[in-house]
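A.B. asks: Can you read through this structure? Questions will come right after.
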Amino acid sequence: MSAHSKPGPGPMEQLIRKSVSDTFKPAELLIVNESYKHRHHAAMRDVSSTETHFRVTVVAEAFSGQSPIQRQRSIYALLKKEMAM
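The sequence shown begins at 7 in our numbering and counts up one residue at a time.
This is the structure:
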């Protein structure tokens with residue numbers, strides 16, 4: 007891997023992608039690992055994982071008629087186990 011190449015998605019990102027894809031069949035799914043933005047936080051000091059914070063954007067027919075908060079709650083409910091890891 008060169009100094010300029012990014013590593014591929016890690017296991018948590020892959021798990022999130024599979025769970026969201028299988029459940030919501032999204033037309034668009036964007037997952038951005040933003041863990042690097044949080045590594046200096048006190049709660050992250052002893053955490054060695056590079057997969058702690060993600061921004062997830064989902065566009066899916068399954069969300070038709072739902073408010074943004076209902077959509078967020080659906081995603082959080084789906085990923086509850088993963089977010090506790």
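Even for Gly, the Cβ is constructed at its ideal location relative to N, Cα and C.
1) In whole angstroms, give me the CA-to-CA distance for F30 and S70.
2) When burial is assigned at 16 or more other CB atoms within 10 Å of the CB, is L85 buried or exposed?
3) List the DSSP bridge partners of T29.
4) Just the C-alpha distance for A66 and P74, rounded to the nearest angstrom, thanks.
5) When DSSP labels each residue in this structure, what does E102 get in the three-state scheme?
6) Is the CB-CB distance between P32 and V38 below 8 Å?
C.D. replies: Reading off the structure:
1) 11 Å
2) buried
3) The partner list for T29 (beta bridge, DSSP) is empty, contrary to what the question assumes.
4) 12 Å
5) No information on residue 102 is available, as it lies outside the stretch 7 to 91 that the chain covers here.
6) One thing to note: P32 has its Cβ no nearer than 8 Å to the Cβ of V38.
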